[in-house]
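Input: a single structure, listed below in C-alpha cells.
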Amino acid sequence: MVFMVHMNVLTRRFLNGPNFMPWFQRRRAVAEQKQDRLWRHARMKTDIQKLISKMAELEVVDSFSVIERLLLGELLVNYPPRVL
Numbered sequence: 124m125v126f127m128v129h130m131n132v133l134t135r136r137f138l139n140g141p142n143f144m145p146w147f148q149r150r151r152a153v154a155e156q157k158q159d160r161l162w163r164h165a166r167m168k169t170d171i172q173k174l175i176s177k178m179a180e181l182e183v184v185d186s187f188s189v190i191e192r193l194l195l196g197e198l199l200v201n202y203p204p205r206v207l
C-alpha cells in the first residue's frame with residue numbers, strides 16, 4: 124500500500140515536471156516512425172487485386188481516395204515542392 128502511494132506521488136511529479144513533455148515527444152516520434160515503417164511494409168506486401176476483388180465498388184473508390192491522400196502526404200513530406 125505504501126509502495127503504491129509512493130509510486131503515485133512519483134508518477135504525478137513526473138507528469139507535472141519539466142521532463143515529461145520532452146520524454147513524451149521522443150516516445151511519440153519513435154512510435155510514429157515505427158507506424159510509418161509498418162504502413163510502408165504492409166503497403167508493399169498487399170495484393171491489391173485480391174483485396175479489391177472482395178470490395179463493393181463504393182469501398183474501392185473510398186479506399187483509393189484514402190490511399191491516394193496518404194501517398195500524396197508521404198510524397199510531400201519526403202519531397203517538398205520547391206519555390207521558384
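Going by the numbering used here, the first residue of the sequence shown is number 124, and it counts up by one from there.
C-beta atoms are modelled at their ideal positions from N, C-alpha and C, and glycine is treated no differently.
Hey, would you say the C-beta of residue 125 is under 8 Å away from at least one heavy atom of the ligand GTP? Absence of the ligand GTP from the depicted structure is noted, as is the absence of any ligand whatsoever, leaving it without description.
For residue 205, which of helix, strand or coil comes out of DSSP? Position 82 of the sequence shown, counted from the first residue, corresponds to residue 205. If DSSP states are grouped into helix, strand and coil, residue 205 belongs with coil.
C-beta contact flag for residue 175 and residue 188 at 9 Å: Mapped onto the sequence shown, residue 175 falls at position 52. Mapped onto the sequence shown, residue 188 falls at position 65. No, they are not a contact pair.
On a CA-only basis, which of 165, 139, 159, 128 is nearest residue 200? Give me that one, please. Taking the first residue of the sequence shown as position 1, residue 200 is located at position 77. Considering only alpha carbons, the answer is 159.
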